[in-house]
Amino acid sequence: MDSMSAVVLAGGEGSRLRPLTKHRPKPLLPAATTPILEHVFDQLLEAGVTEITVVVGYRRNRVQAHFGSTYRNVPLTYVTQDQQLGSGHALLTAESTVDGTTIVVNGDQIVESTVISDVLEAHDDNSAVATLGLLNRVDVSSYGGVILDDGEVTEIVENPQDERTYRFNAGVYAFEPAIFDAVRAAEPRAGEQSLIDAINELLASDEAVRGTVSEGLWVDATYPWDLLDVSFELFEAGLINGSRTENVAESATVHESAVVREPVVVAPDCEIGAGAVVGPYACLGENATVRSNAVVERSVIDADTRVGASATVVDCVTGVGASIGNGTTIPGGPGDVRVGDRIFEDESLGALLGDRVDDQGGCTYVPGAVVGPEVTVEAGATVRGTLSEGTEVRS
Numbered sequence: 539m540d541s542m543s544a545v546v547l548a549g550g551e552g553s554r555l556r557p558l559t560k561h562r563p564k565p566l567l568p569a570a571t572t573p574i575l576e577h578v579f580d581q582l583l584e585a586g587v588t589e590i591t592v593v594v595g596y597r598r599n600r601v602q603a604h605f606g607s608t609y610r611n612v613p614l615t616y617v618t619q620d621q622q623l624g625s626g627h628a629l630l631t632a633e634s635t636v637d638g639t640t641i642v643v644n645g646d647q648i649v650e651s652t653v654i655s656d657v658l659e660a661h662d663d664n665s666a667v668a669t670l671g672l673l674n675r676v677d678v679s680s681y682g683g684v685i686l687d688d689g690e691v692t693e694i695v696e697n698p699q700d701e702r703t704y705r706f707n708a709g710v711y712a713f714e715p716a717i718f719d720a721v722r723a724a725e726p727r728a729g730e731q732s733l734i735d736a737i738n739e740l741l742a743s744d745e746a747v748r749g750t751v752s753e754g755l756w757v758d759a760t761y762p763w764d765l766l767d768v769s770f771e772l773f774e775a776g777l778i779n780g781s782r783t784e785n786v787a788e789s790a791t792v793h794e795s796a797v798v799r800e801p802v803v804v805a806p807d808c809e810i811g812a813g814a815v816v817g818p819y820a821c822l823g824e825n826a827t828v829r830s831n832a833v834v835e836r837s838v839i840d841a842d843t844r845v846g847a848s849a850t851v852v853d854c855v856t857g858v859g860a861s862i863g864n865g866t867t868i869p870g871g872p873g874d875v876r877v878g879d880r881i882f883e884d885e886s887l888g889a890l891l892g893d894r895v896d897d898q899g900g901c902t903y904v905p906g907a908v909v910g911p912e913v914t915v916e917a918g919a920t921v922r923g924t925l926s927e928g929t930e931v932r933s
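Each number in this note's numbering comes from the position in the sequence shown (counting from 1) with 538 added on.
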């Protein structure tokens, strides 16, 4: 196969990940220290993809500015989904860029290249209009389930609740151009055109839809604390620069008395001060600073964030440019987390700090605290619950 195109659906916001998606879309959130979408591109290229169309929408300028017109010498073509009207609608926006067989993946879920390669190989060996990448999972109820009979897809169900044996839909598809007519033919639901409904339209028309079962990493961040699990799974799978162990950029500065406990990833231009302890399972984004005698473990610390001297930061996710003051304590989860109108109990989240939070030091965070962007936390304050953007927390 001399060339292979892919369409990456990256137009969504990721509203359940707010406040982290206040200023950037979910595909640009960090998995370890690298944007989710960059991992997606890496796995596509590893599978042999040579051209990529990216469907952008929410905060599209951020995506285009970050990646530009090429990624690792592979051309990127951007098309805009002006309204978020479903995955099928997103694919339709890319129709003019598709000529022949194409791979379609989600831009906010990381799927290992082996799954993509298996789909390509299986599709090349059959005459199906669509070939789906599937995984064996015990619980498929939160995503999509597929009934498979001797390699033929007989039914695909979103959020299945019955006791039948389903395969997990990994969200990796090889499509022929007939998929576009199927999207248009499927009846919209709640004003949205669904890719799953389009596949069911193919099945109803007796078109051949195949499935191939693979083994490989599949990770998704639905809620803020999932960014911790996603990063940790990348460590375990060896998908952080190909290394399961210590990974410190050459331009990072690590004091000789600091302790770096693997696995970690420390991005370029970070600084780790005297007596600081970083790791295990710590991710420091570009230009992050951990001051003397601070402790950071099981955390995703985004770019330009400062962790003050003698602070303790456990099970924490930060946005860009947050400041955690001297002596502040984020002791780690479990905690109860409010997302919208829902309460999630006993989640492994010490705290979530949005972009440019200013913690002035000596503060204590009750597990599960969610702090919006631009919040100021006065020295010595106790932080609990969910704080909206721009709030001032007084001691």
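For glycine and all other residues, C-beta sits at the position ideal for the given N, C-alpha and C.
Can you tell me where the beta strand (DSSP E) holding residue i begins and where it ends?
i	result
D767	Note, D767: premise wrong, no beta strand (DSSP E); alpha helix (DSSP H) at D764 to A775.
L647	Correcting the residue type first, residue 647 is Gln in the shown sequence and not Leu. Unbroken beta strand (DSSP E) run through Q647: Q647 to V649.
L891	A889 to L891
C854	C854 to T856
S481	Residue 481 is absent from the model: the chain starts at 539 and stops at 933.
P755	Before going on, a small fix: residue 755 reads as Leu here, not Pro. Taken as a continuous stretch (DSSP letters only), L755 belongs to no beta strand (DSSP E), as it is neither H nor E.
V908	A907 to V909
F641	Rather than Phe, the amino acid found at residue 641 in this sequence is Ile. Looking at the DSSP string, the run of the beta strand (DSSP E) that includes I641 is T640 to N644.
V834	V833 to E835
V804	V802 to V804
A820	A820 to L822
Taking 8 Å as the cut-off, decide whether the C-beta atoms of residue i and residue j are in contact.
i	j	result
D874	I881	yes
T914	E930	yes
V684	L670	yes
A666	Y711	no
L596	G549	Leu is not the amino acid found at residue 596; the sequence shown has Tyr there. Yes, they are a contact pair.
A570	V803	yes
G844	T827	Reading the sequence as shown, one finds Arg at residue 844 and not Gly. Yes, they are a contact pair.
G682	L575	no
S830	A812	yes
S679	N697	yes
I862	A849	yes
L887	P762	yes
V755	I648	The amino acid at residue 755 is misidentified as Val; the sequence shows Leu. Contact: yes.
V578	V546	yes
A632	V617	yes
L740	A720	yes
V815	V792	no
T588	S541	yes
S926	G906	no
K560	G892	yes
N664	R705	no
T750	D662	no
Can you give me the start and stop residues for the alpha helix (DSSP H) that residue i sits inside?
i	result
D735	L733 to A742
Taking the alpha carbon of residue i as the point to measure from, which residue in the options has its own alpha carbon closest?
i	options	result
E809	D758, E912, G823 and P818	G823
G870	D884, V852, I862 and G857	V852
A544	P573, A585 and E753	A585
A723	E714, R705, G776 and S743	S743
T703	F713, T692 and G857	T692
A889	A860, A628 and E916	A860
V642	S933, I737 and V909	I737
A746	C854, S926, S553 and L686	L686
G626	D735, P565 and Q647	D735
T924	P806, S933, A917 and Y903	Y903
E918	Q898, A603, S634 and V617	Here residue 918 is Gly; the residue named in the question, Glu, does not match the sequence. For the residues Q898, A603, S634 and V617, the minimum Cα distance to G918 belongs to Q898.
E916	S933, F713 and G910	S933
E800	L741, C821, A832 and A716	C821
L658	R727, A759 and E714	E714
S607	V592, Q619, Q621 and T618	V592
N825	D842, G817, G900 and V815	D842
L733	G552, E835, A628 and E650	A628
V676	P565, Q699 and G857	Q699
D620	V636, H604 and V594	V594
R610	D580, L630 and R598	D580
Per DSSP, which one or two residues make a beta bridge with residue i?
i	result
L629	L629 is not bridged to any residue.
G873	E885
D896	S861 and T914
V792	I810
T843	Answer by DSSP bridge pairing: none, since T843 is not bridged.
N785	V803
T850	V833 and T867
Y903	V921
V815	V797 and V833
V931	V915
T827	E809 and R844
V838	C821 and V855
How about residue i: is its C-beta nearer than 8 Å to some C-beta of chain C?
i	result
T572	In the structure shown, chain C does not exist; there is a single protein chain.
Within the present structure, is the beta-carbon of residue i separated from the nearest heavy atom of the ligand MG by less than 7 Å?
i	result
D896	Ligands displayed in this structure: none; no statement on the ligand MG is therefore possible.
Identify every run of the beta strand (DSSP E) within the stretch 652-720, keeping only runs that are complete inside it and at least 3 residues long; order them along the chain. 668-673, 682-687, 690-696 and 705-713
Threshold first: 3 residues or longer. Then list the beta strand (DSSP E) segments lying entirely within the stretch 540-625, N to C. Fully contained in the stretch 540-625 are the following beta strand (DSSP E) runs of length 3 or more, in chain order: 543-548, 589-594 and 612-618.
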